[in-house]
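If you read the sequences in order, they're chains A and B. Going by UniProt numbering, the residue at position 201 of the first sequence is 201; the numbering climbs one at a time, nothing skipped. Going by UniProt numbering, the residue at position 211 of the second sequence is 211; the numbering climbs one at a time, nothing skipped. A virtual CB, placed ideally from N, CA and C, is assigned to each residue, including glycine. Heads up: the structure comes next, in structure tokens.
Protein chains: 2
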Amino acid sequence: MEEASHPYVPRDLKLPGYVPISMSMSSILTVYLGASLFVVTLVWFLFGRKKPQLDKLLMCWWAFTGLTHLILEGYFVFSPEFFKDNTSCYLAEVWKEYSKGDSRYAGRDSAVIAVEGITAVIEGPASLLAVYAIAKGKSYSYVLQLAISLGQLYGCLVYFITAFLEGDNFATNSFYYYSYYIGANGWWVLIPLLISFRCWNKICAAANNVETKTKKKIR
Amino acid sequence: MEEASHPYVPRDLKLPGYVPISMSMSSILTVYLGASLFVVTLVWFLFGRKKPQLDKLLMCWWAFTGLTHLILEGYFVFSPEFFKDNTSCYLAEVWKEYSKGDSRYAGRDSAVIAVEGITAVIEGPASLLAVYAIAKGKSYSYVLQLAISLGQLYGCLVYFITAFLEGDNFATNSFYYYSYYIGANGWWVLIPLLISFRCWNKICAAANNVETKTKKKIR
Numbered sequence: 001m002e003e004a005s006h007p008y009v010p011r012d013l014k015l016p017g018y019v020p021i022s023m024s025m026s027s028i029l030t031v032y033l034g035a036s037l038f039v040v041t042l043v044w045f046l047f048g049r050k051k052p053q054l055d056k057l058l059m060c061w062w063a064f065t066g067l068t069h070l071i072l073e074g075y076f077v078f079s080p081e082f083f084k085d086n087t088s089c090y091l092a093e094v095w096k097e098y099s100k101g102d103s104r105y106a107g108r109d110s111a112v113i114a115v116e117g118i119t120a121v122i123e124g125p126a127s128l129l130a131v132y133a134i135a136k137g138k139s140y141s142y143v144l145q146l147a148i149s150l151g152q153l154y155g156c157l158v159y160f161i162t163a164f165l166e167g168d169n170f171a172t173n174s175f176y177y178y179s180y181y182i183g184a185n186g187w188w189v190l191i192p193l194l195i196s197f198r199c200w201n202k203i204c205a206a207a208n209n210v211e212t213k214t215k216k217k218i219r
Numbered sequence: 001m002e003e004a005s006h007p008y009v010p011r012d013l014k015l016p017g018y019v020p021i022s023m024s025m026s027s028i029l030t031v032y033l034g035a036s037l038f039v040v041t042l043v044w045f046l047f048g049r050k051k052p053q054l055d056k057l058l059m060c061w062w063a064f065t066g067l068t069h070l071i072l073e074g075y076f077v078f079s080p081e082f083f084k085d086n087t088s089c090y091l092a093e094v095w096k097e098y099s100k101g102d103s104r105y106a107g108r109d110s111a112v113i114a115v116e117g118i119t120a121v122i123e124g125p126a127s128l129l130a131v132y133a134i135a136k137g138k139s140y141s142y143v144l145q146l147a148i149s150l151g152q153l154y155g156c157l158v159y160f161i162t163a164f165l166e167g168d169n170f171a172t173n174s175f176y177y178y179s180y181y182i183g184a185n186g187w188w189v190l191i192p193l194l195i196s197f198r199c200w201n202k203i204c205a206a207a208n209n210v211e212t213k214t215k216k217k218i219r
């Protein structure tokens, strides 16, 4: 099989059998954002009735991030040869496009697969459970949201640190570096940070409450 | 500089300037276990007074694991050339010995450095904070212990998955594979699992308690 040329950096990355991307960047983004908007709207109006605004917003986030983890990242983890796909399969196109921001995806870097595997297999289903937990006001709601958010933060740390240690030279150009590698992942740093902070405080407040009650009883 | 031979697998691993290990395995283990026993005894009898047995045990674990993260793993992270050390420095000897179970340490594998970096810099200090939190009965005690334990579990997952993806061929022989790579790390899977389970339940119980109280007030 002859080696196909590819648009990724480093240029000496070997991707035998690479089939060029067939969808445009705007089509890929439109489908992703459109599908996400559909999910968010559904959750907001269907499952979020009678809930405070913040709970509705959190349910939308967990549904969006959970489906992204399960479908998009799940496909990546279990499709080692997505870059050879010649059927214009949307999920393969997504990763062919994203690899312009981080070629370790096309190159099957083991740290990236490990982090994406944990994200898809554990955090994906757990995120959908978080939607249910918030909807039903379960007692494990905050601790579950905290656990997933900390996992997302740990994953981002491993993701960025390993790239840095290996020379931080995996983006086709600085546009893809800042929009895909930094920009897209930035949301999975910022939002989990905010949620962790909130859940941590809620959990401590509940613990404080129990403690005060126990002390009063002892007296 | 001529390439020194080394005892690690894979045999084609390049470690120019490698200085052979000078301490025996038993000396290295004796110092580690002796120092750990000293720390545990100190915490048990000094800081653990008037505390339930389980709290004392947990404080001992957090002091032991925190100092291991900070000192042992901290040294590894910031000493990229430990395998060239010719001063018989104890910490370098530890990692020269441990690399027989996983040569990615001597080989500076980026996933290993990322996980060890997070462990040493974040989880090390956090573990010592957990000792203090338990001693003082802080409201963040359970959530802090849960967060560190989940971090340790995430780290172990990345550690084992990346080795598996790269062929799982980093141990000098099966003795080192099972005693160092599996055996030593196994404790950091088992104990964090138990602690996570306990803290999760404690946090949910507190949340339940607050909820019941709120419902009663509403009625």
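Element boundaries [alpha helix (DSSP H), containing residue i]
i: Pro125(A); result: 124-136
i: Phe45(B); result: Taken as a continuous stretch (DSSP letters only), Phe45(B) belongs to no alpha helix (DSSP H), as it is neither H nor E.
i: Leu15(B); result: Element bounds for Leu15(B): n/a, residue is neither H nor E.
i: Ala163(B); result: 141-165
i: Lys56(B); result: 53-67
i: Ala72(A); result: Position check: residue 72(A) holds Leu in this sequence, whereas Ala was assumed. Note, Leu72(A): premise wrong, no alpha helix (DSSP H); not H, not E.
i: Ala114(A); result: 110-118
i: Tyr98(B); result: 90-98
Straight-line Cα distance separating residue j from residue i
i: Ser36(A); j: Leu150(B); result: 29 Å
i: Leu193(A); j: Cys89(A); result: 34 Å
i: Glu81(A); j: Leu146(A); result: 34 Å
i: Val115(A); j: Lys216(A); result: 46 Å
i: Trp188(A); j: Tyr159(A); result: 12 Å
i: Glu97(B); j: Met25(B); result: 7 Å
i: Ser99(B); j: Leu153(B); result: 21 Å
i: Arg104(A); j: Leu33(A); result: 24 Å
i: Cys156(A); j: Gln53(A); result: 28 Å
i: Thr172(A); j: Leu46(B); result: 58 Å
i: Phe170(B); j: Gly48(B); result: 41 Å
i: Thr119(A); j: Ala206(B); result: 28 Å
i: Val9(A); j: Ala184(A); result: 19 Å
i: Ile113(A); j: Thr162(B); result: 8 Å
i: Ile148(B); j: Gly17(A); result: 43 Å
i: Leu15(B); j: Glu73(B); result: 20 Å
i: Val121(B); j: Leu42(A); result: 42 Å
i: Glu3(A); j: Phe83(A); result: Unreliable placement is indicated for Glu3(A), whose pLDDT of 49 sits below 50; the coordinate value is still reported in the next sentence. Going by the C-alpha atoms only, they are around 12 Å apart.
i: Asn201(A); j: His69(B); result: 26 Å
i: Lys51(A); j: Leu57(B); result: 42 Å
i: Ile71(A); j: Lys213(B); result: 40 Å
i: Asn208(A); j: Gly137(B); result: 10 Å
i: Gly186(B); j: Ser196(B); result: 15 Å
i: Met59(A); j: Ile191(A); result: 13 Å
i: Cys204(B); j: Val210(A); result: 12 Å
i: Ala126(B); j: Tyr75(B); result: 17 Å
i: Trp61(A); j: Cys199(A); result: 15 Å
i: Ser139(A); j: Phe164(A); result: 39 Å
i: Leu13(A); j: Ser27(B); result: 45 Å
i: Glu166(B); j: Trp44(A); result: 43 Å
i: Leu29(B); j: Asp168(A); result: 38 Å
i: Leu128(A); j: Asp55(A); result: 14 Å
Neighbourhood of residue i by C-beta distance below 8 Å, restricted to the same chain and skipping five residues each side
i: Ser141(B); result: Ala130, Ala133, Ile134
i: Gly117(B); result: Val77
i: Arg11(A); result: none
Contact set for residue i: own chain, Cβ-Cβ below 7 Å, skip 5 residues either direction
i: Val39(B); result: Ala63, Phe64, Leu67
i: Met23(A); result: Ser88, Glu93
i: Glu123(A); result: His69, Ile148, Gly151, Gln152
i: Thr31(B); result: First, the residue type needs correcting, since residue 31(B) is Val and not Thr in the sequence shown. Counting only Cβ-Cβ distances below 7 Å, and skipping sequence neighbours, we find Tyr90.
i: Ile21(B); result: Glu93, Lys96, Glu97
i: Pro7(A); result: Lys100, Thr172
Sequence-distant residues of the same chain with beta carbon closer than 6 Å to residue i, five excluded per side
i: Asn86(A); result: Val19
i: Ser5(A); result: none
i: Gly101(B); result: Ala171, Tyr176, Tyr180, Tyr181
i: Leu144(B); result: Ala130, Ala133
Any non-hydrogen atom of the ligand GTP within 7 Å of residue i CB
i: Leu190(A); result: Within the structure as shown, the ligand GTP is missing, as the structure has no ligands at all.
Proximity test, Cβ basis, 8 Å: residue i and chain C
i: Ala111(A); result: Chain labels in this structure do not include chain C; the protein chains are A and B.
The stretch 107-126 of chain A: which residues have C-beta closer than 7 Å to a C-beta of chain B, in chain order? Ser110, Ala111, Ile113, Ala114, Val115, Gly117, Ile118
May I ask you to list, following chain order, the residues of the stretch 125-157 of chain B that have a beta carbon less than 8 Å from some beta carbon of chain A? Gly137, Ser139, Tyr140, Ser141, Tyr142, Val143, Leu146, Ala147, Leu150, Gly151, Tyr154, Gly155, Leu157
For the structure I just gave you, are there three or more beta carbon pairs, one from the stretch 171-181 of chain A and one from the stretch 95-111 of chain B, closer than 8 Å? no
Chain A contacts made by the stretch 78-90 of chain B, where a contact means CB separation under 7 Å: none
Listed from N- to C-terminal order along the chain, which residues in the stretch 202-218 of chain B have their beta-carbon within a distance smaller than 9 Å of any beta-carbon of chain A? Lys202, Ile203, Cys204, Ala205, Ala206, Ala207, Asn208, Asn209, Val210, Glu211, Lys213
Looking at chain B, which residues of the stretch 163-182 of chain A have a Cβ within less than 9 Å of any of its Cβ atoms? Ala163, Phe164, Leu165, Glu166
For the stretch 188-202 of chain B, list every residue whose C-beta sits within 9 Å of some C-beta in chain A, in sequence order. Ser196, Cys199, Trp200, Lys202
To be precise: take each residue of the stretch 21-40 of chain B, compare its Cβ to all Cβ atoms of chain A, and keep it if any distance is under 7 Å. Which residues remain? none
Can you list, in chain order, the residues of the stretch 53-78 of chain A whose Cβ is nearer than 9 Å to any Cβ on chain B? none
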